[in-house]
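What follows is a set of notes on a single structure, which appears directly below.
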Amino acid sequence: MEDDGVGFQNPGDSSQSQLKRGGVGLQNVDQRLKLHFGENYQMKINSAPEKGTTVEIYINKIVIS
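Sequential numbering of the sequence shown, starting at 1, is according to the working numbering.
This is the structure:
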């Protein structure tokens, strides 16, 4: 996901720190991913002040036999 908004004020912070400042929406997505996939996912947040924010979600491949 990507936007061209104001971004986060401290882009050097870890994704967890940015997640807490990102509001209810990002925290909600993170909690739902954790409930569904456990530890088999990763959410990366990249942000630059006045340039916007990009959120990347990686989910491990699940093989069903």
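All residues carry an ideal CB built from backbone N, CA and C; glycine is no exception.
DSSP beta-bridge partners of residue i
i, result
"residue 113", "Nothing can be reported for residue 113: it is not among the residues displayed for the chain, which extend from 1 to 65."
"residue 46", "54"
"residue 59", "41"
Same chain only: Cβ atoms within 6 Å of residue i, ignoring 5 sequence neighbours per side
i, result
"residue 55", "1, 45"
Rounded straight-line distance, which links the Cα of residue j to that of residue i
i, j, result
"residue 30", "residue 63", "23 Å"
"residue 47", "residue 65", "39 Å"
"residue 38", "residue 26", "17 Å"
"residue 50", "residue 7", "6 Å"
Chain-order list of residues whose beta-carbon lies under 8 Å from that of residue i (same chain, five-residue window excluded)
i, result
"residue 60", "37, 40, 41"
"residue 32", "none"
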